[in-house]
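This report refers to the structure that appears directly beneath it.
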Amino acid sequence: MVKTSLHYIYWFLIFFNGIFQLLGFPSAIYKIGVPFILMVLIGIQMIESWSNLKTPFVNWIIGFTIVSFASTIINDLDLFSLLYFLIYTLLSYLYFLVIINEKSIFLIKKVVTFIKLLILIQIPAALLKFIMTGQSEHGITGTLTIQGGSVSTIFPLFIIVILFSIFLFNPKAKYLYLIGAFILFAIIGDKRAILLFFPLFFIIGSYMYVKFSSLELFTRLYNKLLVVALLGIVAFIFVAKTNRTLNPEHSQWGSVDLVHISNYIKSYTSGNPEDISQLRRKDGLLYFINHMRNENPQTAILGDGAGKLIQSQYNSRSGLMLDEYGVRYGGRMGFVWLLTQVGFLGVAIYLLFYCNLFAYVWKFYIHHPIYLAFLLLTFVFFLDTAIYSYVFLRFEFVKGLYFVILALIFLDQKFKSNFFTDLIIKAPYDL
Numbered sequence: 001m002v003k004t005s006l007h008y009i010y011w012f013l014i015f016f017n018g019i020f021q022l023l024g025f026p027s028a029i030y031k032i033g034v035p036f037i038l039m040v041l042i043g044i045q046m047i048e049s050w051s052n053l054k055t056p057f058v059n060w061i062i063g064f065t066i067v068s069f070a071s072t073i074i075n076d077l078d079l080f081s082l083l084y085f086l087i088y089t090l091l092s093y094l095y096f097l098v099i100i101n102e103k104s105i106f107l108i109k110k111v112v113t114f115i116k117l118l119i120l121i122q123i124p125a126a127l128l129k130f131i132m133t134g135q136s137e138h139g140i141t142g143t144l145t146i147q148g149g150s151v152s153t154i155f156p157l158f159i160i161v162i163l164f165s166i167f168l169f170n171p172k173a174k175y176l177y178l179i180g181a182f183i184l185f186a187i188i189g190d191k192r193a194i195l196l197f198f199p200l201f202f203i204i205g206s207y208m209y210v211k212f213s214s215l216e217l218f219t220r221l222y223n224k225l226l227v228v229a230l231l232g233i234v235a236f237i238f239v240a241k242t243n244r245t246l247n248p249e250h251s252q253w254g255s256v257d258l259v260h261i262s263n264y265i266k267s268y269t270s271g272n273p274e275d276i277s278q279l280r281r282k283d284g285l286l287y288f289i290n291h292m293r294n295e296n297p298q299t300a301i302l303g304d305g306a307g308k309l310i311q312s313q314y315n316s317r318s319g320l321m322l323d324e325y326g327v328r329y330g331g332r333m334g335f336v337w338l339l340t341q342v343g344f345l346g347v348a349i350y351l352l353f354y355c356n357l358f359a360y361v362w363k364f365y366i367h368h369p370i371y372l373a374f375l376l377l378t379f380v381f382f383l384d385t386a387i388y389s390y391v392f393l394r395f396e397f398v399k400g401l402y403f404v405i406l407a408l409i410f411l412d413q414k415f416k417s418n419f420f421t422d423l424i425i426k427a428p429y430d431l
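Numbering (my numbering), first residue to last: 1 to 431.
Here it is, written out as structure tokens:
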């Protein structure tokens, strides 16, 4: 009972951090509470499973930790910043260890059920925001956060990829309704990237499904793929009409003009190259890669210090990309966030770690919606981290869910079953 309650509190703090921020509660409730509860869970798990504690993929984590520690020491940063940097980057893996070493199947089932309920709550929370403040990237996003408008793109994309994968295997209308609800969640957040991301992952997901369904007759796939194509078109049209910057009327219900959209994307992605503070994502990515390459070998390899971009009231630095490097918009990607702090070596280890996770699931792939979803979610991680934001890298309501799915797949492989991944589909409050 105590362990179950700790899991519930852990996920409640993660999913309701935005409410705490909105009410003005101290940030320590989340920043200290979440890692503290996880440390207690790990401690309990170590006591229960000491002689048989499973730690897969741990060499990658040790390697990244060593590089981070060396970077912090060499750059004379404080250990407090290093600690929070490691919490941001490795917390999800530690929770993964808790789940895969848990002996109670009943507890795991209850935790998955609770997480699904917290996900579903985001739909009415987003609608409530729309009623109160209208369509905007500012303000609270669901119950999740009031900091980071990109959450309105990456979180619903994450959930939609899972729902879409389930739909491909089990084409029921309820999954389409839920996909529509989370598209609406993104539209309420008023982000433009969803115009391209949603159709893109519908296409990638459909291709991978067909690839893995090589024994299935194309005629049996035809109806599913037709629905997918229509869904992608509808999502594209709806986003274009409701986002004021994507239609020529600048209206919340304007026309769909592909020329206008194309011109907007070109102007949006090409900032002023002479003013680095206004660099866009593409130019910012190239700028920071060249910037680190031109530094001394030590800095290029290990970065400017793990924890340099940690924002805390206890730091003398602001931790803001604009203050530290003079770049605002073009420095918001996770790749840049990692590169500046742990250099090319740290980035390589961290990204190869995710490649290793992808390879593991690919190697042991079972034609099951959650296996497909995990592969697609890894693509979401790389897309977000490389060219969009650091949402997947930073927030546990995305990265933490990714590692929960990995844990369920790992347990399936351990027990040679589909029981654990089926929990995502068949548990109460069924998605």
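Every residue, glycine too, gets a C-beta built ideally from N, C-alpha and C.
DSSP, read as helix, strand or coil, puts T133 in helix. Take L406, set aside five residues on each side of it, and the residues of its chain with a beta-carbon closer than 8 Å to its own are F96, L357, V361 and F374, in chain order. Taking a 10 Å sphere around the C-beta of M333, we find 16 or more other C-beta atoms and assign the residue as buried. Taking G232 as reference, the option from N170, L157 and S213 with the minimal CA-CA separation is L157.
By DSSP's assignment, T145 forms a beta bridge with T141.
For the set I387, S255, G305 and I370, the Cα lying nearest the Cα of S417 is the one of I370.
By alpha-carbon distance to W60, the top candidate from D422, C355 and I349 is I349.
The alpha helix (DSSP H) runs of length 4 or more contained entirely in the stretch 355-412 are, from start to end of the chain, 369-383 and 391-394. The C-alpha of D412 is placed about 7 Å away from the C-alpha of F419. In the structure shown, the three-state DSSP call for S165 is helix. Under the DSSP assignment, D76 falls outside any alpha helix (DSSP H); it carries neither an H nor an E label. One thing to note: G149 has its Cβ no nearer than 8 Å to the Cβ of G180.
In this structure, the CA atom of S152 is about 15 Å from the CA atom of I121. With a cut-off of 8 Å on Cβ pairs, the stretch 195-209 is not in contact with the stretch 248-255, counting fewer than three such pairs.
The beta carbon of Y10 sits closer than 6 Å to the beta carbons of I37 from its chain, once the five residues preceding and following it are set aside; these are given in chain order.
Look at T55 here: in three-state DSSP terms it is coil, with no helix or strand label. For E48, the enclosing alpha helix (DSSP H) begins and ends at G33 to S49.
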